[in-house]
Structures are given as C-alpha cells and as structure tokens.
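J.: Please find one structure pasted underneath; my questions will follow.
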Amino acid sequence: MGHIQITPSILNSDFARLGEEVARIPGADWVHVDVMDNHFVPNLTFGPAMVEALARVSPVPLDAHLMIEDADRNALAYVEAGCGSVTFHVEAAKAPVRLAREIRSAGARASMALKPATPIEPYEDLLPELDMLLIMTVEPGFGGQKFLDLCLPKIRRARALMDKHGVETWLQVDGGVSLETVERCAEAGADVFVAGSAVYSAQDPDAMVAALRAKAEAARS
Ligand SMILES: O=C(CO)[C@H](O)[C@H](O)COP(=O)(O)O
Ligand SMILES: [Co+2]
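Numbering (the working numbering), first residue to last: 12 to 232.
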C-alpha cells in the first residue's frame with residue numbers, strides 16, 4: 012500500500028476564483044479536477060483549456076477525473092494540458108488497455124475509475140497497466156453527496172487483488188469523503204483520498220487536508 016495522499020476536488024470551490032482556490036491547499040498532494048461533459052454524467056464543468064490554465068498556477072500537480080464519453084479520443088488532451096494523472100472511466104472507454112498505455116507513454120500516470128455498480132473482478136488483469144484505480148463512493152456527477160457504504164467491500168476486494176498481483180497501483184476513493192468516512196476507506200485499503208465539499212466548506216481548507224491525512228494515517232496503523 013502506498014503512503015496516504017489527500018487530493019482536494021475543486022468541484023465545490025469558487026469557479027470565479029480558481030487560481031486563488033488552489034492556492035489555499037498547499038499541503039495537498041494533488042488537486043482533483045472533475046471534468047464532466049453533460050453526457051456521461053448530467054453535469055458540465057471544464058475542458059482542456061481551463062485545465063491547462065489551472066495547471067500553470069496550481070502549487071501541486073493536477074489529477075484529472077474524466078467523466079466524459081469517448082474517453083479513448085479525449086483523454087490525451089488532459090495529459091497535454093499538464094495533468095500529472097489522468098483517470099478515465101472504464102464504462103466510457105472502448106479500449107482501456109490501449110488508453111492506459113497511451114496515457115503513460117504521453118507522460119502522465121494512468122488511472123481507471125469504476126462507478127459504484129461496476130465490479131472490479133472483470134478488470135483484475137488490467138491492474139499492472141494502471142498507476143491508480145479509482146473506486147467511486149457516490150454516483151459520479153455532483154459534489155456534496157452522501158458516501159455509499161456499499162462500496163467498502165469493493166475497496167477491500169480491490170486491495171486484495173492488488174496484493175495478489177504484487178502491483179504498486181494506488182487505490183483512490185472519491186465521493187462523500189470527510190472526517191466521518193475517511194477512516195472506513197483507509198481501513199478498507201484506500202491510500203488516495205479525494206475530498207471536495209469537506210475541504211472547501213471548511214474555514215481553513217489546508218487544515219482540513221491535514222486533519223483528513225491524520226485520520227487516514229491513524230486508521231491504518
Ligand atoms: O467525482 C466527483 C463527483 O462525481 C467529485 O470528485 C466528488 O464528488 C468530490 O466531491 P465531494 O467530496 O463533495 O463528494
Ligand atoms: Co472526482
């Protein structure tokens with residue numbers, strides 16, 4: 012299992028002041044950028060030009076979460092925009108192995124996401140192709156939703172499969188992660204934690220990053 016990483020999502024931050032919003036979380040490991048196309052999910056956010064502008068000012072690297080159809084054709088634009096990690100949804104990729112290899116060849120970490128109802132087992136053999144697996148803990152589309160406890164067994168099963176294959180793949184959780192739920196995720200085997208509303212609704216977002224990290228680290232020991 013990798014070290015604990017905290018990745019605030021800017022989805023619930025102030026879109027009119029994005030440069031200032033990312034400057035409020037210097038203690039984060041990554042900034043999580045939720046790209047939505049109004050087709051794969053019923054919501055619309057940023058495209059590559061906006062992400063490229065954010066990458067230029069962010070104090071930490073960008074972790075793009077692509078909730079877009081036709082990931083095969085569109086994912087590389089986010090590597091070119093300067094993201095250090097690019098996550099595509101397996102439900103939106105026609106050729107996930109080829110896509111993961113293309114993302115890696117282009118110079119970013121390759122990551123694949125699973126919606127809550129998508130099982131991990133059919134994708135076990137893909138784990139060595141991935142730098143990170145994202146297990147969604149809400150239905151993708153919106154920030155501020157309630158954490159789905161029904162996803163915890165899948166996190167445990169994914170961690171067991173990673174151990175079985177001896178891979179270094181990080182295990183990210185995204186959706187409803189807060190001081191109330193972060194321990195459950197860490198105990199189940201997650202090591203990378205996305206938190207949007209928990210971080211940006213806090214008085215001091217960087218202190219919330221530290222508090223989430225402390226809870227996750229304590230849950231693991
Ligand atoms: O991918 C996402 C939604 O589809 C977001 O990353 C996620 O919901 C973060 O926000 P919150 O922590 O408020 O749930
Ligand atoms: Co996300």
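We put the beta carbon where it would ideally sit given N, CA and C, even for glycine.
(1) Hey, could you find the ends of the alpha helix (DSSP H) residue 62 is sitting in?
(2) Buried or exposed for residue 74, going by 16 or more other Cβ atoms inside 10 Å?
(3) What does the Cβ neighbour count give for residue 32, buried or exposed, with the cut at 16 atoms within 10 Å?
(4) Can you list, in chain order, the stretches of the alpha helix (DSSP H) that have 4 or more residues and sit fully within the region 98-135?
(5) Taking the Cβ atom as the reference point for each residue, do residue 186 and residue 149 lie within a distance shorter than 8 Å?
(6) Pick helix, strand or coil for residue 204, following the three-state DSSP scheme.
(7) Restricting to Cα atoms, I'd like to know which of 55, 112, 64 is closest to residue 83.
(8) Helix or strand or just coil, what does DSSP make of residue 138?
(9) Tell me whether residue 127 counts as near ligand 1, meaning its Cβ is closer than 7 Å to at least one heavy atom of that ligand.
(10) Ordered along the chain, which non-local residues of its own chain (more than five positions away) have a Cβ less than 7 Å from that of residue 25?
(11) Is residue 78 a contact residue of ligand 1, with contact defined as CB to any heavy atom under 7 Å?
(12) So is residue 106 buried or exposed if we call it buried at 16+ other beta carbons inside 10 Å?
(13) Is residue 185 a contact residue of ligand 2, with contact defined as CB to any heavy atom under 7 Å?
(14) If you pair each beta-carbon of the region 12-21 with each one of the region 224-231, do three or more pairs fall below 8 Å?
(15) Near residue 97, what residues of its chain come up, given a Cβ to Cβ distance below 6 Å and the 5 sequence neighbours on each side ignored?
T.: Inspection of the coordinates gives the following:
(1) Residues 59-68.
(2) Label assigned to residue 74: buried.
(3) Counting the other Cβ atoms within 10 Å of the Cβ of residue 32 gives 16 or more, which makes it buried.
(4) Here the runs fully enclosed are 107-117.
(5) A contact, by the Cβ cut-off of 8 Å.
(6) In the structure shown, residue 204 falls within a strand segment according to DSSP collapsed to helix, strand and coil.
(7) If we check each option's Cα against that of residue 83, 112 comes out closest.
(8) In this structure, residue 138 counts as helix in the three-state DSSP scheme.
(9) Because no heavy atom of ligand 1 lies under 7 Å away, the Cβ of residue 127 does not count as near it: no.
(10) Closer than 7 Å at the Cβ level, and outside the excluded window around residue 25, lie 32.
(11) At least one heavy atom of ligand 1 is nearer than 7 Å to the Cβ of residue 78, so yes.
(12) Looking at its Cβ environment, which holds fewer than 16 other Cβ atoms inside 10 Å, residue 106 is exposed.
(13) Answer for residue 185: yes, Cβ within range of ligand 2.
(14) In short, these stretches touch, since the Cβ pair count reaches three.
(15) Cβ neighbours of residue 97 beyond the five flanking positions: 75, 86, 89, 90, 114, 119.
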